[in-house]
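Worksheet: one structure, shown below.
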Amino acid sequence: MVKKRVTKQTLRRRRAVALLILLLIIVGIILLANSCSDKKESSGKKSSSDKKIAQTTVPLNTQPLQQNNSITITTAFGNISDIQTTEPMNETTTADDGNKVESITLTFYATNLKVGEKKMPIVTMSPSSATDKSELWESSNTTIATVDQRGDILGVSPGTCYITVKSKSNPEVYAEVKVTVIADEEEPELTLTSSSESGATYIKGILIVNKSYSLPEDYNPGLDPTTKSQFDLLSADAKKEGLDIHLSSGFRSYDYQKRIYNNYVNAYGQATADTFSARPGHSEHQTGLAIDVNSIDDSFASTPESAWLESNAHKYGFIIRYPKGKEDITGYKYESWHIRYLGVDTATAVYNSGLTLEEYLGVNSKYNG
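Counting from 1 along the sequence shown, just add 990 to a position and that's the residue number in the numbering used here.
Below, the structure written as structure tokens:
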């Protein structure tokens, strides 16, 4: 067998190729090692990033949350829960703003007192959710009338002054009572004109009929034409709003009222009958200026028609003659269905005053016997 002779030049080439291959292997090992190191470092950074996300405080621009509330956020790395929010309470929507007293109503806004006599109006503060309903009372003239912090008004000397009650938490909200103090032997000054021809009593130009003031048996005018026409206008306007307000009872003669009253006395006794039915001669229906609407019973008070009538009757010259909470003043129970014609100007003045007709005129409503 003949051996092939290798030249020195060929040997050098082989060695160079071997060295090149070895160099490539070393370079590959180095690159592989670096690649593994980068992956490890990247993995470490990702873990650190996850950890930072879990500690992030998330600001919220929604409704204020209570302290220590937590939420759960879903990310590309999974759910992150129990993230504490640091959104502060919005001071413009604090709970206190909705709990302040916004209005004050009283059971009366004017009263006559004798020297040494006391009266106390019942106060209602709204809304009912108000947290502080404390009252502050003061008198415009303590030489005429004083008031304690319970609201008990005491007549001191003849004269007129104003008693004011304010909300302690919101002093801008207040209500006033006009107090007229008279001496024991005096009577309130009234503008009285009595017609001897008709036997009717007018005070400040207003025909007054109640338990204290009566009409003669022969007073028989029928339903007043202006009263009827104004009621027809009221009824028509209510109908435009989808409401039905119709006349159920108008003028009643002395004899007719006598029959009604006696029937109630026989059924309930006189004491009870006197709380809701007028004695003959003392019924406003005999004036021809009073109207009963719709059902003529307590169920009417809960209807939309009743609410509309209470808010709008004065625009047509009527008032709710026997309002709720004024039974001791008018002498009759609340009658949401009974309206009395006074004329637009007078009815509006009475409505805006918040007074009954008795309070507005400064008269009582009590039977003599």
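Cβ coordinates follow ideal geometry from the N, Cα and C atoms, glycine included.
Checklist entry - Are the beta-carbon atoms of leucine 1332 and glycine 1307 separated by less than 8 Å? => result Translated into positions along the sequence shown, residue 1332 becomes position 342. Translated into positions along the sequence shown, residue 1307 becomes position 317. Leucine 1332 is a Cβ neighbour of glycine 1307, given a cutoff of 8 Å.
Checklist entry - Is the segment 1225 to 1233 in contact with the segment 1295 to 1305, if contact means three or more CB pairs nearer than 8 Å? => result Counting C-beta pairs closer than 8 Å gives three or more between the segment 1225 to 1233 and the segment 1295 to 1305, which meets the contact rule.
Checklist entry - aspartate 1264 and tryptophan 1327: beta carbons closer than 8 Å? => result Position 274 of the sequence shown, counted from the first residue, corresponds to residue 1264. Position 337 of the sequence shown, counted from the first residue, corresponds to residue 1327. No.
Item to check | Neighbourhood of tryptophan 1298 by C-beta, 8 Å cutoff - its chain only, sequence neighbours within 5 removed | outcome: What you label residue 1298 is simply residue 308 of the sequence shown in a count that begins at 1. So the list reads Ala1228, Glu1231, Leu1233 and Ile1235, once near-sequence residues are dropped.
Checklist entry - Where do the ends of the alpha helix (DSSP H) carrying leucine 1345 lie? => result What you label residue 1345 is simply residue 355 of the sequence shown in a count that begins at 1. Secondary structure note for leucine 1345: it is in no alpha helix (DSSP H), with a DSSP letter that is neither H nor E.
Checklist entry - Start and end of the alpha helix (DSSP H) containing threonine 1154? => result The residue given as residue 1154 occupies position 164 in the sequence shown. For threonine 1154, there is no enclosing alpha helix (DSSP H); the residue is part of the beta strand (DSSP E) that begins and ends at 1149 to 1157.
Next on the checklist: Helix, strand or coil, according to DSSP, for asparagine 1058 in the structure here?
Outcome noted: Translated into the one-based positions of the sequence shown, residue 1058 becomes position 68. The pLDDT assigned to asparagine 1058 is 44, lower than 50, so where the model puts this residue is not dependable; a value taken from the coordinates is nonetheless given after this. In the three-state DSSP reduction, asparagine 1058 falls in the coil class, being neither helix nor strand.
Checklist entry - In or out: glutamine 1247 buried (at least 16 other Cβ within 10 Å) or exposed? => result The residue you call residue 1247 lines up with position 257 of the sequence shown. By the 16-neighbour rule on beta-carbons within 10 angstroms, glutamine 1247 is buried.
Item to check | Collapsed DSSP secondary structure at tyrosine 1306 in the structure displayed | outcome: Residue mapping note: residue 1306 aligns to position 316 of the sequence shown, counting from 1. When DSSP states are grouped into helix, strand and coil, tyrosine 1306 belongs to the helix group.
Checklist entry - What is the DSSP secondary structure of aspartate 1318, counted as helix, strand or coil? => result Taking the sequence shown and counting its residues from 1, one reaches residue 1318 at position 328. Three-state DSSP puts aspartate 1318 in a helix.
Checklist entry - Going by DSSP, which residues form a beta bridge with histidine 1328? => result Against the sequence shown, residue 1328 aligns to sequence position 338. According to DSSP, which records beta bridges pairwise, histidine 1328 is partnered with Asp1282.
Next on the checklist: Using only the alpha-carbon positions, how far apart do alanine 1120 and histidine 1272 sit?
Outcome noted: If you number the sequence shown from 1, residue 1120 lands on position 130. If you number the sequence shown from 1, residue 1272 lands on position 282. The C-alpha of alanine 1120 lies about 43 Å from the C-alpha of histidine 1272.
Item to check | Straight-line gap, aspartate 1122 to valine 1340 (C-alpha atoms, nearest Å) | outcome: In the sequence shown, residue 1122 corresponds to position 132, counting from 1. In the sequence shown, residue 1340 corresponds to position 350, counting from 1. Each residue's alpha carbon lies about 31 Å from the other.
Item to check | Counted within 10 angstroms of its Cβ, other Cβ atoms place leucine 1213 as buried (16 or more) or exposed | outcome: Translated into positions along the sequence shown, residue 1213 becomes position 223. Looking at its Cβ environment, which holds 16 or more other Cβ atoms inside 10 Å, leucine 1213 is buried.
Item to check | Enclosing beta strand (DSSP E) for alanine 1408 [first to last residue] | outcome: A query on residue 1408 cannot be resolved here, the shown segment of the chain reaching from 991 to 1359 and no further.
Checklist entry - Cα separation between valine 1167 and aspartate 1288? => result Locating residue 1167 in the sequence shown gives position 177, counting from the first residue. Locating residue 1288 in the sequence shown gives position 298, counting from the first residue. Annotation: valine 1167 to aspartate 1288 spans about 30 Å, alpha carbon to alpha carbon.
Item to check | Per-residue DSSP class, three states only, for glycine 1141 | outcome: Here residue 1141 is taken as the residue at index 151 of the sequence shown, counted from 1. The answer is coil: DSSP assigns glycine 1141 none of H, G, I, E or B.
Checklist entry - Does DSSP classify serine 1238 as helix, strand or coil? => result In the sequence shown, counting from the first residue as 1, residue 1238 sits at position 248. Correct three-state label for serine 1238: strand.
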